[in-house]
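Q: Counted the way this note's numbering counts, the sequence shown spans residues 0 to 167.
Glycine residues also receive a C-beta, built at the ideal position from the N, C-alpha and C atoms.
Remember, predicted model here, so these are calculated numbers, not experimental data.
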Amino acid sequence: MRTIPMAPVALVAVMGCCGCRFGANPAFAAAHEFVRVEQAHRRLEQAAAALARCSQETKAPNGSAEARPSSALANAQRGFEVAWIRSQRTTAAFLSRALRAAPNAPEIARALEFVASDAVEVATLVRATTKDTQAALRMLRSAERTFVSVGRPVPVELARALATTSGR
0 MRTIPMAPVA LVAVMGCCGC RFGANPAFAA AHEFVRVEQA HRRLEQAAAA
50 LARCSQETKA PNGSAEARPS SALANAQRGF EVAWIRSQRT TAAFLSRALR
100 AAPNAPEIAR ALEFVASDAV EVATLVRATT KDTQAALRML RSAERTFVSV
150 GRPVPVELAR ALATTSGR
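1. Expressed to the nearest angstrom, what Euclidean distance is found between the alpha-carbon atoms of Phe-21 and Phe-113?
2. Apart from the five residues just before and just after Ala-104, which ones in its own chain have a Cβ nearer than 7 Å to its Cβ?
3. Could you check the C-alpha separation between Thr-145 and Gln-55 for me, to the nearest Å?
4. Any idea what DSSP makes of Ala-12, helix, strand or coil?
5. Does DSSP put Asp-131 in a helix, a strand or coil?
6. Gln-87: buried (16+ other C-beta within 10 angstroms of its C-beta) or exposed?
7. What does the alpha-carbon distance come out to for the pair Met-14 and Ala-91?
8. Sorted by chain position, which residues of the same chain lie with C-beta nearer than 6 Å to Arg-85's C-beta, five sequence neighbours on each side aside?
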């Protein structure tokens with residue numbers, strides 16, 4: 000699996016909340032804008048499920064981790080990578096705009112929940128399908144930085160996954 004960029008959410012979230020608060024922006028409709036985040040999240044879930052299925056189907060008959068090459072698996076990996084990147088960018092753009100325009104919008108908390116849950120689920124999938132602990136750790140740390148940058152506590156599930164993955 001190729002390296003997947005992890006920084007978009009953290010980077011844009013930091014840019015969005017660097018003290019540049021302009022108050023509520025009547026032109027920004029958080030609920031309407033959040034629909035894109037939900038759609039990207041659903042596509043990511045579907046792509047992750049497809050990758051998990053293909054990964055299971057391509058395992059050697061004796062159940063060993065040695066996978067048989069498969070174009071379906073390669074396509075599932077590419078689809079997953081694209082969905083992950085789109086989800087990260089969509090969420091980052093939403094958070095950047097929402098934190099400036101509507102800092103108290105409930106959709107911000109929901110978007111941050113997606114950041115945490117997606118990072119945990121995707122890191123688990125990456126570890127299971129590629130055995131790449133470092134890539135999983137980068138995903139989890141990126142999500143952690145997002146919470147730190149927006150001044151929100153790191154969710155327990157994310158902190159637990161970080162501790163487990165890093166061996167802390």
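A: Concretely, from the data shown:
1. Along the sequence shown, one-based indexing puts residue 21 at 22. Along the sequence shown, one-based indexing puts residue 113 at 114. A caution first: Phe-21 carries a pLDDT of 47, below 50, which makes its placement in the model too unreliable to give a value.
2. By one-based count along the sequence shown, residue 104 stands at place 105. The answer, listed in chain order, is Ala-29, Ala-97.
3. Here residue 145 is taken as the residue at index 146 of the sequence shown, counted from 1. Here residue 55 is taken as the residue at index 56 of the sequence shown, counted from 1. The alpha-carbon atoms of Thr-145 and Gln-55 are separated by roughly 32 Å.
4. In the sequence shown, residue 12 corresponds to position 13, counting from 1. With a pLDDT of 48 at Ala-12, under the threshold of 50, the predicted position of this residue should be treated as unreliable, though the coordinate-derived value follows. Helix.
5. Residue 131 sits at position 132 when you count from the first residue of the sequence shown. Coil at Asp-131, not helix or strand.
6. Within the sequence shown, residue 87 is the residue found at index 88, counting from 1. Result: buried.
7. For the purposes of this step, residue 14 is taken as the residue at position 15 of the sequence shown. For the purposes of this step, residue 91 is taken as the residue at position 92 of the sequence shown. For Met-14, the pLDDT reaches just 47, beneath the cut-off of 50, and the residue's location in the model is therefore unreliable, leaving the point undetermined.
8. Your numbering for residue 85 matches position 86 in the sequence shown. Here the set comprises Ala-39.
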